[in-house]
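Trainee: For reference, each letter of the sequence shown is one residue, going 19 to 413 in this note's numbering. Think of the CB as a built atom: it goes at the ideal place given N, C-alpha and C, for glycine as much as any other residue. Below is a structure I'd like to ask you about.
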Amino acid sequence: MTARITISPADYPESPLAQALKQPLLLGLFLPIQSSGWSPSTLPRSTDWTFEYNKALTLKAEELGFDLAFGLAQWIGKDGYGGELKYREQAIDPFVTVAALSSVTKRIILISTIHILYGPWHPLHLAKFAATLDHISGGRFGINMVTGYAPREPKMFGTTQIEHDARYARAAEFIGIVERLWASSENVTIDGEFWKLEEAYVSPRPRYGRPILVNATGSPAGFDYAAQHSDLVFITSPAGAEIEAALAALPDHVANLKARAKAAGREVRAIINPMIVCRPTEQEAKAYHAAILAHADTGAVQGFLAHHAAGDSQAWKNHKGEHRVLGGNIQIIGSPEQVADKLIRLKKAGIDGVQLAFFDFKPDLDFFGEAVLPLLKQAGLRICSPHDRNGGCPC
19 MTARITISPA
29 DYPESPLAQA
39 LKQPLLLGLF
49 LPIQSSGWSP
59 STLPRSTDWT
69 FEYNKALTLK
79 AEELGFDLAF
89 GLAQWIGKDG
99 YGGELKYREQ
109 AIDPFVTVAA
119 LSSVTKRIIL
129 ISTIHILYGP
139 WHPLHLAKFA
149 ATLDHISGGR
159 FGINMVTGYA
169 PREPKMFGTT
179 QIEHDARYAR
189 AAEFIGIVER
199 LWASSENVTI
209 DGEFWKLEEA
219 YVSPRPRYGR
229 PILVNATGSP
239 AGFDYAAQHS
249 DLVFITSPAG
259 AEIEAALAAL
269 PDHVANLKAR
279 AKAAGREVRA
289 IINPMIVCRP
299 TEQEAKAYHA
309 AILAHADTGA
319 VQGFLAHHAA
329 GDSQAWKNHK
339 GEHRVLGGNI
349 QIIGSPEQVA
359 DKLIRLKKAG
369 IDGVQLAFFD
379 FKPDLDFFGE
389 AVLPLLKQAG
399 LRICSPHDRN
409 GGCPC
């Protein structure tokens with residue numbers, strides 16, 4: 019096999035990714051395409067897994083000037099993670115969802131999580147499908163590659179779990195083949211260890227070299243994969259969900275990731291998933307948080323924790339069970355000024371972007387746009403653009 023293709027959409031100044039990277043802090047929305055979103059709490063809310071709800075959220079995020087929208091991928095059985103909620107039993111597929119969203123949005127980048135090692139995926143399939151979505155979206159499509167940490171998921175496809183680091187070795191071959199297909203103007207023949215192709219070809223060619231590549235990881239093997247392939251790296255806090263502990267631990271964690279990329283002759287950006295609980299005052303935000311916790315679906319929380327404990331993820335080692343009621347990788351709770359301050363400190367800790375989640379997505383996103391986004395602009399973390407129609411813009 020010839021050398022890996024290193025071109026990135028970020029190398030094209032006119033690409034959607036390059037335009038988004040002009041922002042000092044990338045803003046993304048982690049769509050709730052699964053029932054109960056990130057929070058196994060029975061407190062009443064509007065959050066819904068349906069396409070129409072998520073389409074409305076994505077269009078609102080685009081209106082506010084957000085750069086990214088993500089969807090997670092999961093393979094889960096009847097009753098989901100259990101409890102009264104049957105937590106996450108209902109979930110629409112992120113790949114299909116993103117494809118549909120690409121036709122109703124104009125600027126926001128759309129990222130689909132895909133378990134590339136499950137089932138009958140072949141690199142040629144993904145290369146063709148992704149190139150098509152890249153064409154439809156005008157270069158706004160990206161793949162969040164995950165290898166799967168839970169042993170029960172591959173069993174649904176009639177296979178068994180592959181050892182952690184071996185999964186990344188296999189994923190590197192998979193994505194390396196896909197990159198070759200995107201880059202080649204001729205038929206491609208590859209005799210790999212895990213996949214083979216003979217006289218394969220992909221059209222249309224991606225508009226900006228290739229679609230955007232993302233991976234979610236916290237392990238050395240995952241960091242090495244990211245250094246070689248990814249544009250954006252979805253990291254977790256090695257110190258758990260509590261924000262102050264995370265802020266203390268993240269600088270070294272992010273520096274390690276970026277040093278590996280630099281050694282490979284590349285640059286990556288680190289993004290993280292804060293759960294935002296924001297109200298006009300700190301007291302109101304804490305009361306909102308307390309109400310969420312008071313309505314915890316204990317059965318769902320226990321089911322989710324058991325699922326995670328059975329896997330081999332290295333990214334969530336110091337996360338505590340009590341934080342799963344609200345969810346998110348890190349949790350930011352407070353007034354608009356306090357939330358903005360924590361986001362500013364995340365930037366100073368080396369974080370390049372945040373993929374936000376909320377308990378009650380529609381009203382909470384609206385309030386974030388009204389109350390927090392103007393503060394981020396005042397702090398210089400968000401730059402106004404012609405696309406930004408947020409009434410709080412101070413420019």
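1. Report the rounded CA-to-CA distance for P298 versus S130, giving the unit in angstroms.
2. For the alpha helix (DSSP H) containing L135, name the first residue and the last one.
3. Taking the beta carbon of G283 as the centre, do at least 16 other beta carbons fall within 10 Å, making it buried, or is it exposed?
4. If I measure Cβ to Cβ from I193 and keep anything under 6 Å in the same chain, skipping five residues before and after, which residues do I get?
5. Please say whether A36 and A28 have beta carbons closer to each other than 7 Å?
6. Under 7 Å between the Cβ atoms of V390 and A358?
7. Where does the unbroken beta strand (DSSP E) through L374 begin, and where does it stop?
8. For the alpha helix (DSSP H) that F241 lies in, which residues bound it at each end?
9. Taking a contact to mean a Cβ-Cβ separation below 7 Å, would you say I350 touches I294 in this structure?
10. Please return the same chain residues whose Cβ sits closer than 7 Å to the Cβ of T60, not counting the five positions on each side in sequence.
11. In whole angstroms, what separates the C-alpha of P138 from that of T177?
12. List in chain order: all unbroken alpha helix (DSSP H) runs of 4+ residues lying wholly within the segment 243-300.
13. Can you tell me whether E204 is helix, strand or coil according to DSSP?
14. Could you tell me the distance, in whole angstroms, from the CA atom of I6 to the CA atom of D97?
15. Can the beta-carbon of A257 be found less than 7 Å from the beta-carbon of A267?
16. Taking H143 as the reference, which of R63, S255 and K214 has the closest Cα?
17. Buried or exposed: which applies to M174, given that a residue is buried once 16 or more other Cβ atoms fall within 10 Å of its Cβ?
18. Which parts of the segment 148-225 are runs of the beta strand (DSSP E), unbroken and 3 residues or longer, counting only runs that do not cross its ends?
19. Determine the extent of the alpha helix (DSSP H) in which N72 is found, giving its start and end residues.
20. Taking 7 Å as the threshold (C-beta atoms), are I25 and A87 in contact?
21. Within a Cβ cutoff of 6 Å, which residues of the same chain sit near L323, ignoring the five residues on either side of it in sequence?
22. Assign G227 to buried or exposed, taking buried as 16 or more other Cβ atoms, counted over all protein chains shown, within 10 Å of its Cβ.
23. Determine the contact status of A303 and V251, defining contact as a CB-CB distance below 7 Å.
24. Under a Cβ-count criterion, where at least 16 other Cβ atoms within 10 Å of its own Cβ denotes burial, should D242 be classed as buried or exposed?
25. State yes or no: is the beta carbon of A375 nearer than 7 Å to at least one beta carbon in chain B?
26. Compute the distance between the beta-carbons of D330 and A239, then report whether it is under 7 Å.
27. Which of helix, strand or coil does DSSP assign to A314?
28. Which residues in the same chain as G317 place their Cβ atom closer than 8 Å to its Cβ, once the five residues preceding and following it in sequence are excluded?
29. Rounded to whole angstroms, what is the Cα-Cα separation between A328 and A234?
30. Measuring only from the beta carbon, is P298 closer than 6 Å to any heavy atom that is part of the ligand COA?
31. Can you tell me where the beta strand (DSSP E) holding A36 begins and where it ends?
32. According to the neighbour-count rule (16 or more other Cβ atoms, all chains shown, within 10 Å of its Cβ), is N205 buried or exposed?
33. Where does I362 sit, in a helix, a strand or coil, going by DSSP?
34. DSSP on Q349, reduced to helix/strand/coil?
35. For L275, collect the residues of the same chain with a Cβ closer than 8 Å to its Cβ; drop the 5 residues on either side in sequence, then sort them by chain order.
36. Please specify which runs of the beta strand (DSSP E), each continuous and at least 3 residues long, are wholly inside the segment 79-105, giving them in chain order.
Mentor: A quick look at the data gives this:
1. Here residue 298 corresponds to residue number 280 of the sequence shown, with the count starting at 1. Here residue 130 corresponds to residue number 112 of the sequence shown, with the count starting at 1. For P298 and S130, the distance between alpha carbons rounds to 33 Å.
2. On the sequence shown, position 117 is the one that residue 135 refers to. No alpha helix (DSSP H) holds L135; DSSP gives it neither H nor E.
3. Here residue 283 is taken as the residue at index 265 of the sequence shown, counted from 1. Around the C-beta of G283, fewer than 16 other C-beta atoms lie within 10 Å, and the residue is accordingly described as exposed.
4. In the sequence shown, the residue the question calls residue 193 occupies position 175. If we look at I193 and ignore the five residues flanking it on each side, its Cβ neighbours are H247.
5. Reading the sequence shown from its first residue, position 10 is the one you call residue 28. Reading the sequence shown from its first residue, position 18 is the one you call residue 36. Yes, the pair counts as a contact, with Cβ atoms nearer than the cut-off.
6. Numbered from its first residue, the sequence shown carries residue 390 at position 372. Numbered from its first residue, the sequence shown carries residue 358 at position 340. A contact, by the Cβ cut-off of 7 Å.
7. In the sequence shown, counting from the first residue as 1, residue 374 sits at position 356. Segment G371 to F376, the beta strand (DSSP E) holding L374.
8. Translated into positions along the sequence shown, residue 241 becomes position 223. Start and end: P238 to H247.
9. Position 332 of the sequence shown, counting from 1, holds the residue named residue 350. Position 276 of the sequence shown, counting from 1, holds the residue named residue 294. Yes, the pair counts as a contact, with Cβ atoms nearer than the cut-off.
10. If you number the sequence shown from 1, residue 60 lands on position 42. Here the set comprises E102, L103, H313 and D315.
11. Within the sequence shown, residue 138 is the residue found at index 120, counting from 1. Within the sequence shown, residue 177 is the residue found at index 159, counting from 1. Taking the straight line from one Cα to the other gives about 11 Å.
12. Taking 4 residues as the minimum length, the alpha helix (DSSP H) runs contained wholly in the segment 243-300 are 261-281, in order along the chain.
13. Counted from its first residue, the sequence shown places residue 204 at position 186. Of the three classes helix, strand and coil, the one that applies to E204 here is coil, per DSSP.
14. No statement about residue 6 is possible, as the shown extent of the chain runs from 19 to 413 and does not include it.
15. Start at 1 with the first residue of the sequence shown, and residue 257 comes out as number 239. Start at 1 with the first residue of the sequence shown, and residue 267 comes out as number 249. Contact annotation: A257 and A267 have beta-carbon atoms nearer than 7 Å.
16. Counting from one through the sequence shown, the residue named residue 143 turns up at place 125. Of R63, S255 and K214, the residue nearest in Cα terms is K214.
17. In the sequence shown, the residue the question calls residue 174 occupies position 156. The residue is exposed, with fewer than 16 neighbouring Cβ atoms inside 10 Å.
18. 159-164, 206-209 and 214-218
19. The residue labelled residue 72 in the question sits at position 54 within the sequence shown. Note, N72: alpha helix (DSSP H), F69 to E81.
20. Your numbering for residue 87 matches position 69 in the sequence shown. Your numbering for residue 25 matches position 7 in the sequence shown. No. Outside cutoff.
21. Position 305 of the sequence shown, counted from the start, is the residue given in the question as residue 323. Counting only Cβ-Cβ distances below 6 Å, and skipping sequence neighbours, we find G339.
22. In the sequence shown, counting from the first residue as 1, residue 227 sits at position 209. Classification for G227: buried.
23. As a working note, residue 303 is residue 285 in the sequence shown. As a working note, residue 251 is residue 233 in the sequence shown. Their beta carbons are not under 7 Å apart, which means A303 does not touch V251 by this criterion.
24. Here the question's residue 242 lines up with position 224 in the sequence shown. By the neighbour-count rule (16 or more Cβ atoms within 10 Å), D242 is buried.
25. In summary, chain B is missing from the structure at hand, where a single protein chain is found.
26. Looking up residue 330 in the sequence shown gives position 312. Looking up residue 239 in the sequence shown gives position 221. Not a contact, by the Cβ cut-off of 7 Å.
27. Along the sequence shown, read from residue 1 onward, the residue named residue 314 stands at position 296. Under the three-state reduction of DSSP, A314 is assigned to strand.
28. In the sequence shown, residue 317 corresponds to position 299, counting from 1. Within the same chain, G317 has close Cβ partners G100, G101 and E102.
29. Start at 1 with the first residue of the sequence shown, and residue 328 comes out as number 310. Start at 1 with the first residue of the sequence shown, and residue 234 comes out as number 216. The alpha-carbon atoms of A328 and A234 are separated by roughly 19 Å.
30. In the structure on display, the ligand COA does not appear, and there are no ligands present to speak of.
31. Here residue 36 corresponds to residue number 18 of the sequence shown, with the count starting at 1. Per DSSP, A36 belongs to no beta strand (DSSP E); it is in the alpha helix (DSSP H), P34 to A38.
32. Reading the sequence shown from its first residue, position 187 is the one you call residue 205. Its Cβ having fewer than 16 others within 10 Å, N205 is exposed.
33. For the purposes of this step, residue 362 is taken as residue 344 along the sequence shown, with counting starting at 1. The answer is helix: DSSP assigns I362 an H, G or I state.
34. Within the sequence shown, the letter at position 331 stands for residue 349. Three-state result, Q349: strand.
35. Your numbering for residue 275 matches position 257 in the sequence shown. For L275, where only same-chain residues beyond five positions count, the Cβ hits under 8 Å are F241, A244, A245, V251, I253, V286 and A288.
36. 86-89
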